[in-house]
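Undergrad: Under my numbering, the letters of the sequence shown match residues 96 to 308, in that order. C-beta: ideal position from N, C-alpha, C; glycine also. Input: one structure, supplied below.
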Amino acid sequence: MYSLPELLFAYDALEPVIDKETMEVHHKGHHKTYVEKINTILSKYSDLQKLPIEELLSRLDDVPAVIRNDVRNQGGGHYTHSLFWRTLSPRKGLSPTGELANRIDATFGGFSQFKERFSEIAIKHFGSGYAWLSVNPEGELIAESLPNQDTPLLKNCHPVFLLDLWEHAYYLKYRNRRAEFVKAFWEVVNWAEVSERFNKAKVNHFPRQSGVA
Ligand SMILES: [Fe+2]
96 MYSLPELLFA YDALEPVIDK ETMEVHHKGH HKTYVEKINT ILSKYSDLQK LPIEELLSRL
156 DDVPAVIRND VRNQGGGHYT HSLFWRTLSP RKGLSPTGEL ANRIDATFGG FSQFKERFSE
216 IAIKHFGSGY AWLSVNPEGE LIAESLPNQD TPLLKNCHPV FLLDLWEHAY YLKYRNRRAE
276 FVKAFWEVVN WAEVSERFNK AKVNHFPRQS GVA
């Protein structure tokens, strides 16, 4: 059974970028509901309950068809939010480090260019979903957006970074001004965690390409 992870910071710690009320509703409301629903969906599937959420979503073809779409949505919601909380930090103004920084420079032409590209993807994404940075099976960095609760795991990519584009992530403070939310969001990215996830992606997800990604 899955459980709601505790935040590593207070609900008001990301102020003024993300307000306390949004964080409370997002974590104790939306995320908690995803956890409750995926647990209900899997209540009769004890083997699937034992899988780490990342593995469950990576193996959707093994999930019975009758619950596959619900697992994709509700399990996806648990995974995306668990990852989102870990990649946020009250320590404002950080930037990528180590090999991730080098890789961003090589792929996008620099950190500023990466932020521009990622922001453009996030702002232009139609409807609900997430902007993602992931490592594909060839070891390349991929910036893209995906709808709803879909994750790069569906494409055998390893997620390292994401931005929640559902209106519940920003509407209380930013209303319909998603672009303002995207611009402000960069101040509260936990780049230490994201850089570490990139390193683990190389070692664990693509062991034969450890020198590539
Ligand atoms: Fe969300």
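1) How many angstroms separate the CA atom of residue 172 from the CA atom of residue 153?
2) Since I believe residue 238 is in contact with residue 218 (beta carbons under 8 Å), could you give me their beta-carbon distance rounded to a whole number of angstroms?
3) Taking contact to mean 3 or more Cβ pairs, one atom from each stretch, closer than 8 Å, check whether the region 252-264 and the region 114-127 are in contact.
4) In the DSSP output, what is residue 226 paired with across the bridge?
5) Enumerate, from N- to C-terminal direction, the unbroken alpha helix (DSSP H) stretches of 4 or more residues contained entirely within the region 104-166.
6) Return the residue from the list 136, 187, 98, 151 that minimises the CA-CA distance to residue 165.
7) Could you check what DSSP says for residue 220 in three-state terms: helix, strand or coil?
8) Quick check: what's the CA-CA separation for residue 268 versus residue 114?
9) Within the present structure, is the beta-carbon of residue 175 separated from the nearest heavy atom of ligand 1 by less than 8 Å?
10) Using a Cβ-Cβ cutoff of less than 7 Å, which residues in the same chain neighbour residue 222 once the five nearest sequence positions on both sides are dropped?
11) Should residue 259 be counted as a contact of ligand 1 given a C-beta to heavy atom distance under 8 Å?
12) On the CB-based measure, 16 or more other CB atoms within 10 Å of its CB, does residue 290 come out buried or exposed?
13) What's the call for residue 295, buried or exposed, on a 16-neighbour Cβ count within 10 Å?
14) Would you list the one or two residues that DSSP bridges to residue 176?
TA: A quick look at the data gives this:
1) 14 Å
2) No, residue 218 and residue 238 are not in contact; Cβ-Cβ is about 13 Å, not under 8 Å.
3) yes
4) 240, 258
5) 115-119, 127-136, 141-144, 148-153, 160-165
6) 136
7) coil
8) 7 Å
9) yes
10) 242
11) yes
12) buried
13) exposed
14) Answer is none; residue 176 lacks a bridge partner.
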